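I have placed the structure first, in the form of structure tokens, so that the comments after it can refer back to it.
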Amino acid sequence: MTDTTDHTVTVSEAAARRIAAILSKSDDADSLRISVEGGGCSGFSYKYDLTSGREEDDIILERDGARVVIDPVSIVYMEGSVVDFVDDLMGQSFQIRNPNAVASCGCGTSFSV
1 MTDTTDHTVT VSEAAARRIA AILSKSDDAD SLRISVEGGG CSGFSYKYDL
51 TSGREEDDII LERDGARVVI DPVSIVYMEG SVVDFVDDLM GQSFQIRNPN
101 AVASCGCGTS FSV
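Right, here's the structure in full:
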């Protein structure tokens with residue numbers, strides 16, 4: 001099921017390109033699942049998994065051949081976020097710019113609200 005309601009989580013052009021490239025090399029995955037879990041040095045952390053499985057209530061975001069799946073519990077913590085892909089001198093990584101995070105760690109994968 002594709003959810004067309006506006007959950008205000010967006011996928012940047014750079015992230016969409018990278019996700020599409022990764023998925024094109026996978027034999028069994030058609031989506032990148034992003035979830036929020038308890039833990040990490042700031043309280044919550046983002047988890048990324050390649051998947052082809054869906055739950056009935058998943059939120060599905062699509063852009064330029066890339067598909068991102070987010071569960072309804074995680075979307076609450078990600079409202080207003082931008083999923084981005086950064087390639088700089090420090091390396092390559094997916095980063096989530098989350099306006100709800102009041103603190104985050106240096107690696108950008110852990111945050112608190």
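Residue numbers (UniProt numbering): 1 to 113. Positions of the beta carbon are idealized from the N, C-alpha and C atoms, including for glycine. Small disclaimer: the values here were computed from a predicted structure and weren't measured.
Which residues in the same chain as Glu37 place their Cβ atom closer than 6 Å to its Cβ, once the five residues preceding and following it in sequence are excluded? Ser45, Lys47
List the endpoints of the continuous alpha helix (DSSP H) containing Val76. Taken as a continuous stretch (DSSP letters only), the alpha helix (DSSP H) holding Val76 covers 72-78.
Nearest-angstrom Cα separation, counted from Ser81 out to Met98: Looking at the sequence shown, residue 98 is not Met but Asn. Roughly 4 Å separates the two Cα atoms.
Would you check if the region 85-93 and the region 63-71 touch, i.e. whether three or more CB-CB distances between them fall below 8 Å? no
Considering just the uninterrupted stretch of the alpha helix (DSSP H) at Glu13, what are its terminal residues? 13-24
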